[in-house]
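Heads up: the sequence shown begins at 1 in the UniProt record's numbering, then just goes up one per residue.
For each residue, glycine too, the CB sits at the ideal point set by N, CA and C.
Values in this document were obtained by computation on a predicted structure and should not be read as measured data.
For reference, the structure is listed below as structure tokens.
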Amino acid sequence: MFYSELDRFEEWRALLAPLLPGVHICRAQDVEDPASVHYALVWKPPQGFFGRYPRLKLLINLGAGVDSLVGRDDLPAVPITRICDPDMSRMMASYVLFAVLRYARDIPAFERAQRERRWHYLHPRVPSSIRVGVLGLGELGAYAALELARQGLDVRGWSRSEKHLAGVTCVSGMGNLAGFLASSDILVVMLPLTAQTRGLLNAERLALLPKGGCLINVSRGAVVDQQALTAALASRQIGQATLDVFDHEPLPPEDPLWALDNVLITPHMASIAIPATAAQQIADNILRLGRGEAVLHQVDPARGY
Ligand code: NDP
């Protein structure tokens with residue numbers, strides 16, 4: 001059974017049906033007997049959604065971020081999986097590379113100069129002199145960090161547990177966060193939204209970034225205190241920001257972020273689940289469950305990601 005805020009049902013069904021012979025795939029609104037539903041493919045289902053289905057065996061989150069799924073009170077006690085797709089990671093890395101390189105090559109200054117018909121030479125900085133901090137080294141963060149390192153940038157990464165990534169200086173744990181922020185000329189936020197990360201980048205921590213530093217948020221709006229970020233951008237304590245995610249989406253027209261000339265706003269599109277490549281792993285998990293094997297890419301609801 002399928003429910004997604006973004007719909008695209010026919011596309012998913014066309015890809016999944018040949019991989020799952022004997023499994024009837026339908027939209028949630030077309031389910032006639034809720035007790036016959038074993039697998040739920042969902043993206044942001046409404047509250048109370050799962051209460052209707054007494055015999056669910058597996059919840060498949062049709063995306064990488066599970067914050068809208070875990071922690072709700074209608075979850076059945078069954079495994080939850082999410083999409084971990086190299087194509088999704090690559091798409092995310094392309095956004096992060098674009099945003100980081102735009103700052104590393106001082107493109108906003110040239111955009112401004114061009115609008116003013118001004119020839120404005122800035123001597124290019126050597127990539128290794130630019131410190132890029134990636135918060136979160138998971139499926140998406142680690143991939144992006146490695147791509148950034150390939151550009152010769154001085155890349156550092158922060159995660160909960162210790163990590164080893166070629167060409168990336170990795171640190172972990174809250175004890176290392178302040179120093180990490182203070183040494184990130186460009187900070188890329190790639191953390192999941194959990195009880196621990198909600199509001200992590202508050203006013204105090206944002207103030208630790210080097211003056212005039214850049215921030216890129218592709219994770220979830222609520223990881224950053226949006227009001228504090230807006231104030232830091234307005235005062236130029238933070239020089240530039242590229243924001244794909246916000247407290248409230250769509251970002252309301254009256255939000256002060258729209259008016260800041262040092263902010264690039266995109267409408268939560270840094271990466272998406274790509275049915276053509278993700279369908280196989282969804283089908284594999286359903287088949288694994290049928291054979292009594294453990295599913296892959298399982299989420300830990302207690303941990304929140
Ligand atoms: P993963 O679950 O694979 O990785 C999460 C990373 O964050 C891990 O490295 C984890 O550490 C780290 N982390 C989690 N909690 C903490 C903490 N309290 N302190 C320090 N580090 C922590 O997530 P993905 O890489 O797949 O995705 C990251 C997020 O990107 C998603 O949750 C989603 O919100 C967002 N996203 C945004 C999209 C967009 O279009 N803007 C598209 C897709 C995803 P450890 O490795 O030690 O567990």
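Candidates Gly51, Gly48, Glu32 and Asp85, of which the one nearest Gly63 by Cα: As a position in the sequence shown, residue 63 is number 63, starting the count at 1. Sorting Gly51, Gly48, Glu32 and Asp85 by C-alpha distance to the C-alpha of Gly63 places Asp85 at the top.
Provide the residue(s) that pair with Ile60 in DSSP beta bridges, ordered along the chain. Within the sequence shown, numbered from 1, the residue matching residue 60 stands at position 60. Its beta-bridge partners are Leu41 and Thr81.
Can you tell me whether Pro46 is buried or exposed, with buried defined as 16 or more other CB within 10 angstroms of its CB? Within the sequence shown, numbered from 1, the residue matching residue 46 stands at position 46. When all chains shown are included, Pro46 counts as exposed.
Quick check on Leu215: does DSSP put it in helix, strand or coil? For the purposes of this step, residue 215 is taken as the residue at position 215 of the sequence shown. DSSP places Leu215 in strand when its eight states are reduced to three.
Does the ligand NDP have even one heavy atom less than 7 Å from the beta-carbon of Leu191? Position 191 of the sequence shown holds residue 191. Shortest gap from the CB of Leu191 to any heavy atom of the ligand NDP: under 7 Å.
Could you check where the alpha helix (DSSP H) with Val96 kicks off and where it finishes? Position 96 of the sequence shown holds residue 96. Its alpha helix (DSSP H) spans residues Pro86 to Ala104.
Just to confirm my understanding: we take Ala145, look at its own chain, exclude 5 residues before and 5 after, and list those with CB closer than 7 Å. What are they? Within the sequence shown, numbered from 1, the residue matching residue 145 stands at position 145. Correct list, in chain order: Val134, Leu137, Val155, Gly157, Leu165 and Val168.
Using the DSSP secondary-structure output, state which residues sit across from Phe246 in a beta bridge. On the sequence shown, residue 246 is found 246 positions in, with the first residue counted as 1. When DSSP reads this structure, Phe246 sits in no beta bridge, so it has no partner.
Check whether the Cβ atoms of Ala104 and Thr242 lie closer than 8 Å to each other. Here the question's residue 104 lines up with position 104 in the sequence shown. Here the question's residue 242 lines up with position 242 in the sequence shown. Going by C-beta atoms, Ala104 is not nearer than 8 Å to Thr242.
For Phe2, which beta-bridge partners are listed by DSSP? Along the sequence shown, read from residue 1 onward, the residue named residue 2 stands at position 2. Partner(s): Arg27 and Leu41.
Tell me whether the beta-carbon of Gly141 lies closer than 8 Å to the beta-carbon of Met88. Taking the sequence shown and counting its residues from 1, one reaches residue 141 at position 141. Taking the sequence shown and counting its residues from 1, one reaches residue 88 at position 88. Going by C-beta atoms, Gly141 is not nearer than 8 Å to Met88.
Any 3 or more C-beta pairs closer than 8 Å across the stretch 209-217 and the stretch 174-192: The way I'd put it, the stretch 209-217 does touch the stretch 174-192; three or more beta-carbon pairs between them come closer than 8 Å.
Does the distance from the CB of His38 to the CB of Leu59 come in under 8 Å? Taking the first residue of the sequence shown as 1, we reach residue 38 at position 38. Taking the first residue of the sequence shown as 1, we reach residue 59 at position 59. Not in contact: His38 and Leu59 (Cβ atoms no closer than 8 Å).
So which of Arg160, Trp258 and Ile282 has the shortest CA-CA distance to Ile83? Residue mapping note: residue 83 aligns to position 83 of the sequence shown, counting from 1. Looking from the CA of Ile83, the closest CA among Arg160, Trp258 and Ile282 belongs to Ile282.
Fully enclosed by the stretch 146-212, which alpha helix (DSSP H) runs are 4 residues long or longer? Within the stretch 146-212, the runs of alpha helix (DSSP H) at least 4 residues long that lie entirely inside it are, in chain order, 177-182 and 203-206.
What number of angstroms, rounded off, separates the C-alpha of Glu32 from the C-alpha of Tyr305? The sequence position of residue 32 within the sequence shown is 32, counting from 1. The sequence position of residue 305 within the sequence shown is 305, counting from 1. Rounded to the nearest angstrom, the two C-alpha atoms are 32 Å apart.
By how many angstroms is the C-alpha of Leu16 removed from the C-alpha of Val188? Your numbering for residue 188 matches position 188 in the sequence shown. Your numbering for residue 16 matches position 16 in the sequence shown. Computed Cα separation, rounded: 34 Å.
With distances taken from CA atoms, which of Phe246, Asn217, Gln240 and Ile272 is nearest Asp261? Here residue 261 corresponds to residue number 261 of the sequence shown, with the count starting at 1. Comparing Cα positions, the closest option is Gln240.
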